[in-house]
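FYI, the numbering for the sequence shown is -9 to 288, going by the numbering used here.
Just so you know, even glycine gets a beta-carbon here, dropped at the ideal spot from N, CA and C.
Keep in mind the model is a prediction, meaning the values are calculated, not measured.
Report on the following structure.
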Amino acid sequence: MASHFGIDPQGLVGKYCPKAIHDSDVPILHCPLEECVQRDAAVETEYYDDKHGRWLRSGMYPSAQRARNGGRVYVHLVQDVTDRKAAEESLRVTVERLRHLVNAVTSTVGMIVEARDSYTAQHQVHVSQLSYAIAKELGWDEQRCESLLMAGLVHDMGKSTVPIEILCRPGRLGDIEMSMIRTHPVKGYRLLESIDFPWPIAQMVLEHHERLDGSGYPQGLTATQTMMEAKILAVADVVSAMSSHRPYRPAPGVERALDEIHRHQGLLYDPRVVGACIKVFTEGGFRFADELAVTEWV
-9 MASHFGIDPQ GLVGKYCPKA IHDSDVPILH CPLEECVQRD AAVETEYYDD
41 KHGRWLRSGM YPSAQRARNG GRVYVHLVQD VTDRKAAEES LRVTVERLRH
91 LVNAVTSTVG MIVEARDSYT AQHQVHVSQL SYAIAKELGW DEQRCESLLM
141 AGLVHDMGKS TVPIEILCRP GRLGDIEMSM IRTHPVKGYR LLESIDFPWP
191 IAQMVLEHHE RLDGSGYPQG LTATQTMMEA KILAVADVVS AMSSHRPYRP
241 APGVERALDE IHRHQGLLYD PRVVGACIKV FTEGGFRFAD ELAVTEWV
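Following this line, the structure appears as structure tokens:
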């Protein structure tokens, strides 16, 4: 204690704690000893000691021991955690830089897609918004929710390899044209797999058109083979697509979209995801926005 506070050890023995350590005749603000006495429970805190420029971890503990005068003995442990706090701050800065880098990569990808096909760009924003909201409703932690936010923004990146004449053609597409469009999850995966995202974004993109019964593409995965994030993207993708106008058809609307996923839950779509999606619309008041300010969550 004396070395931590730069005090002569003899200056501590038998002295009033606030006076000996803080040169105060009364308890300091938020005094751990006073709180420990009042609560009759341990009080642990971390604080920065301006006087000595160090981070300290303080633990005040009531004991069953009694002093010679009958007073209760309290044990106060102090640990210098300056090095640990410095390491935590360094890690925080590194993570922050990584998040900004991921944001920049995703924003660039979004601009590339938008420059070529504004319908797909807006759709990706909507899928990102809804996927994030669904993940939140499912009770996922913030980092896992952010992975959906990110994956939604790039899930149709593979469509940048499909001729624009096919993507925006009015009317029904032929089998060959549909097969070209159905390559976009694989193309997106190949474009994204080399980027060191903090989450398996490329895999989510690859699987977002899979269905529980194995009728999806490109791999025909079933419920147990498809990652949960992809199941969320699948539902958000359908709802967004049916809620938006396309060159080849008018928008069926949100109600039709929710009815679609409800009718096919358990067969094509995960029931938990469907339930969460319907709830964010009917109880949470979710609405698609035209833009997603990614910097708000960085």
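How many Å lie between G291 and D227 at the Cα? Outside the shown range of the chain, which is -9 to 288, sits residue 291, and nothing can be said about it.
Here's the rule: buried if 16 or more other CB atoms are within 10 angstroms of the residue's CB, otherwise exposed. What is Q255? buried
Give the single residue among S233, E136, A213 and L196 whose Cα lies nearest to the Cα of F276. S233
Distance check for A279 and H116, CA to CA, integer angstroms please. 7 Å
Within 10 Å of its beta-carbon, does H20 have 16 or more other beta-carbons around it, so buried, or fewer, so exposed? exposed
Contiguous beta strand (DSSP E) assignments of at least 3 residues, all confined to the segment 21 to 56: 33 to 39 and 44 to 56
Roughly how many whole angstroms lie between the Cα atoms of W287 and K177? Unreliable positioning characterises W287 in this predicted model, as indicated by a pLDDT of 36, which lies under 50. The coordinate reading is nonetheless provided below. The alpha-carbon atoms of W287 and K177 are separated by roughly 28 Å.
If you draw a straight line from the C-alpha of G265 to the C-alpha of E245, how long is it? 14 Å
Just mark P22 as buried or exposed, buried being the case when its beta carbon has 16 or more other beta carbons within 10 Å. buried
What does DSSP give as the partner residue(s) for D203 in the beta ladder? T212
Whose CA, out of M194, K149, E183 and Y109, lies closest to the CA of E136? M194
What are the boundary residues of the beta strand (DSSP E) that includes D70? R62 to D70
Only counting the same chain, and skipping five residues up and downstream in sequence, which positions put a Cβ closer than 8 Å to that of I191? S137, M140, A141, V144, L182 and I185
Residue range of the alpha helix (DSSP H) that includes K149: Segment: none, K149 is in no alpha helix (DSSP H) and carries neither H nor E.
What is the DSSP secondary structure of Y6, reduced to helix, strand or coil? coil
If we call anything under 9 Å between Cβ atoms a contact, is P17 one with A31? no
Quick check: what's the CA-CA separation for F334 versus V27? Residue 334 lies beyond the residue range present for the chain, which begins at -9 and ends at 288; the question has no answer from this structure.
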